[in-house]
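Residue -12 is where the sequence shown starts when you use my numbering, and the numbers rise one by one after that.
Glycine residues also receive a C-beta, built at the ideal position from the N, C-alpha and C atoms.
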Amino acid sequence: MKPLSEIVAKTEASATLVLTALAKRLQADGVDVVSLTAGEPDFPTPQHIKDAAKRAIEENRTTYTLNAGTLELRQAIVQKFRADNNLAFHPSQILVSNGAKHSIANALQAICNRGDEVIVPSPYWVSYPQMVLLAGATPVIVSTSEENGFMLTAEQLRGAITARTKALILCTPSNPTGAIYSKHDLELLAEVIAETGIYVIADEIYEKMIYDGAHHFSIGSIASIRNQVVTVNGMSKAYSMTGWRVGFLGASQEITSGAERVQSQTTSNASSISQYAALAALTGPQDEIVAMAEEYDRRREFIHSAVTSIPGIRCHMPKGAFYIFPNISDYLGRSVRGVTMNSCDDIAKFLLDEEGVALVPGSSFGSENHLRISYSCSITELEKAAERLQRGFRKLE
Ligand code: PMP
Ligand code: GLU
């Protein structure tokens, strides 16, 4: 038989999805596992959104929509971008896709040629480097420092840009670190972006989950680079709509049209029913979003304090999203019953096997010294997890 695709052979499965599935499988088999793997809200989708979807079914809104998404939904997205992000788009500059992951993949396909480089600051969300590879380009990983709050500096960006650099992927608030770039941070990056003409894919999916009075600022609103920025967002996190699969991007007409052509030849429109649900989410009451963010904040405080009470673990306080990213490097090289913890993967495996706590090792995000803990689960689950983590790390002392 002929060999299969070399690019796909090199593509890794998403570690977050694989580990979330593993935890679910163990739970289904009756194993007592607390899962801190999934970056997935545990709240039900708000009722008025579910009602809109039911209405859409009853009204037979079950045909293909326009490939780019219904005009009403794109108009609502234009409003959202204007009101929340100070971004001005025409509906033709909006593309609705099957989740923000799909939006990013479409944007990369529209932007990249084979051999292009795409800068990905690390720690990064697991899928970015893989999506760059799938688009035929090369991810260039730039490590940010923990001391600088895991944020890419303008000097680092400048230093990483070569003649082949096409784009930068920037995630704020960040998965996995919870870092939020301020307006000033982004203005400094924008100077380099304007000078070099590279594109930016700005992933803002965690924009509504911000704490300690932090502000979310959209890099696409900086006038000098407006046409170079693809702003990506979606319904999954803010509205607790992960399974509905609706994400969107706003960009220059040229980029959006390119991404739309990619979508027209691969998946066509996002689910019509989900689009009506998304319309209700964006145009309806927003109070449940605020309530969810308040609950995440309580969980953040709890799990951060529980984890940092473990000797040798350091963890910067995340300002956004729903993850903490503790540094566990003090525990590397330690042994338990003759087994040495050589990597964060070993520690994650030990915590799962020994204590029944599932989490994602930092290696999946480009950092060997960390673990990612998602706090998108109830305080009761977090309390159970905290106890187990404390006990597990004590065994490694
Ligand atoms: N970006 C980031 C940083 C994420 O964590 C996720 C989580 N799934 C996504 C994009 C994609 O979300 P979705 O495809 O569900 O909209
Ligand atoms: N984005 C979430 C996470 O990082 C969901 C899983 C995924 O899509 O990778 O856990």
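Residue from the options whose Cα sits closest to the Cα of residue i
i: Pro31; options: Gly165, Cys158, Thr229 and His77; result: Thr229
i: Gly56; options: Gln34, Asn73, Arg42 and Ser79; result: Ser79
i: Tyr198; options: Glu281, Glu(-7), Ser261 and Lys(-3); result: Glu281
i: Asn162; options: Leu358, Glu368 and Glu374; result: Leu358
i: Tyr193; options: Lys336, Phe68, Pro160 and Leu176; result: Pro160
i: Leu139; options: Ala40, Val83 and Pro110; result: Pro110
i: Ile311; options: Met328, Glu288, Arg232 and Val326; result: Glu288
i: Lys371; options: Gly353, Ile(-6) and Ala345; result: Ala345
i: Lys195; options: Arg324, Ala335, Leu319 and Phe68; result: Phe68
i: Val65; options: Arg321, Ile260, Leu266 and Ala87; result: Leu266
i: Ala25; options: Arg378, Leu383, Ser363 and Thr367; result: Ser363
i: Val105; options: Phe235, Glu241 and Ala147; result: Ala147
i: Ile188; options: Cys331, Ser205, Thr131 and Met222; result: Ser205
i: Arg12; options: Gly343, Ala177, Asn47 and Val129; result: Gly343
i: Val107; options: Gln377, Gly353 and His291; result: Gly353
i: Ile422; options: Asn85, Leu121, Glu133 and Gly237; result: This structure does not reach residue 422, given that the chain is present from -12 up to 384, and the question cannot be answered.
i: Arg286; options: Val277, Glu191, Ile366 and Trp231; result: Ile366
i: Leu293; options: Ala373, Ser130 and Leu157; result: Correcting the residue identity first, residue 293 is Ala in this sequence and not Leu. Ala293 has its Cα closest to that of Ala373, out of Ala373, Ser130 and Leu157.
i: Val20; options: Lys336, Arg381 and Ser351; result: Lys336
i: Gln34; options: Arg375, Gly207 and Ile276; result: Ile276
i: Thr7; options: Ala(-4), Ser22 and Lys(-3); result: Ser22
i: Ser(-8); options: Ser316, Gly123 and Thr164; result: Gly123
i: Ile242; options: Val347, Asp332 and Ile98; result: Ile98
i: Thr164; options: Ser130, Pro272 and Phe76; result: Ser130
i: Phe137; options: Thr125, Ala10, Cys158 and Ala43; result: Cys158
i: Gly200; options: Thr125, Asp284, Asn135 and Ser361; result: Asp284
i: Thr183; options: Ser239, Ala141, Gln252 and Thr295; result: Ala141
i: His291; options: Leu369, Ser351 and Ser330; result: Leu369
i: Ser223; options: Ala(-4), Glu27 and Ala10; result: Glu27
Whether residue i touches residue j by CB criterion (8 Å)
i: Leu173; j: Leu155; result: no
i: Gln393; j: Asn54; result: In the structure displayed, the chain extends from -12 to 384; residue 393 sits before or after that span and is not available.
i: Thr149; j: Ile185; result: no
i: Gly379; j: Leu319; result: no
i: Arg321; j: Leu383; result: yes
i: Asn386; j: Thr52; result: Given that the chain is displayed from residue -12 to residue 384, the structure contains no residue 386 and the question cannot be resolved.
i: Gly234; j: Ala87; result: yes
i: Arg48; j: Ser259; result: yes
i: Asn85; j: Arg248; result: no
i: Gly349; j: Glu341; result: no
i: Ala181; j: Tyr226; result: no
i: Ile81; j: Gly237; result: yes
i: Leu58; j: Val83; result: no
i: Ile297; j: Leu376; result: yes
i: Ser90; j: Gly221; result: yes
i: Phe392; j: Ser239; result: This structure does not reach residue 392, given that the chain is present from -12 up to 384, and the question cannot be answered.
i: Gly63; j: Thr270; result: In the sequence on display, residue 63 carries Ala and not Gly. For Ala63 and Thr270, yes; Cβs fall inside 8 Å.
i: Ser351; j: Val113; result: yes
Range of the contiguous alpha helix (DSSP H) that encloses residue i
i: Asp333; result: Cys331 to Phe337
i: Leu358; result: Note, Leu358: premise wrong, no alpha helix (DSSP H); beta strand (DSSP E) at Leu358 to Ser361.
i: Tyr263; result: Ser259 to Thr270
i: Val65; result: Leu58 to Asn72
i: Val119; result: Ser114 to Leu121
i: Ile276; result: Asp274 to Thr295
i: Glu370; result: Ile366 to Lys382
i: Lys11; result: Ala2 to Ala15
i: His202; result: Where His202 is concerned, there is no enclosing alpha helix (DSSP H), given that its DSSP letter is neither H nor E.
i: Arg48; result: From DSSP, Arg48 is part of no alpha helix (DSSP H); its letter is neither H nor E.
i: Gln250; result: Gln240 to Thr253
i: Asp172; result: Lys170 to Thr183
i: Ile(-6); result: Glu(-7) to Lys(-3)
i: Ala141; result: Ala141 to Ala147
Start and end residues, beta strand (DSSP E) containing residue i
i: Asp317; result: No beta strand (DSSP E) holds Asp317; DSSP gives it neither H nor E.
i: Asp190; result: Tyr186 to Asp190
i: Thr125; result: Thr125 to Ser130
i: Glu104; result: Glu104 to Ser109
Beta-bridge partners of residue i, as assigned by DSSP
i: Ala345; result: Ser22
i: Thr327; result: Ser322
i: Phe235; result: Val83 and Asn220
i: Tyr310; result: Ser361
i: Arg301; result: Asn314
i: Thr152; result: Glu104
i: Ile197; result: Gly307
i: Cys158; result: Asp190
Beta carbon proximity, residue i to chain D, threshold 8 Å
i: Met222; result: Within the model displayed, chain D is absent; a lone protein chain is all it includes.
Counting Cβ pairs, one atom from each stretch, are 3 or more of them under 8 Å apart for the region 83 to 96 and the region 215 to 226?
-> yes
Report yes or no: do three or more beta-carbon pairs, one from the region 106 to 126 and one from the region -9 to 3, lie closer than 8 Å?
-> yes
Contact between the region 69 to 76 and the region 301 to 316: three or more CB pairs below 8 Å?
-> no
At a cut of 8 Å, does the region 37 to 46 reach the region 166 to 181 through at least three beta carbon pairs?
-> no
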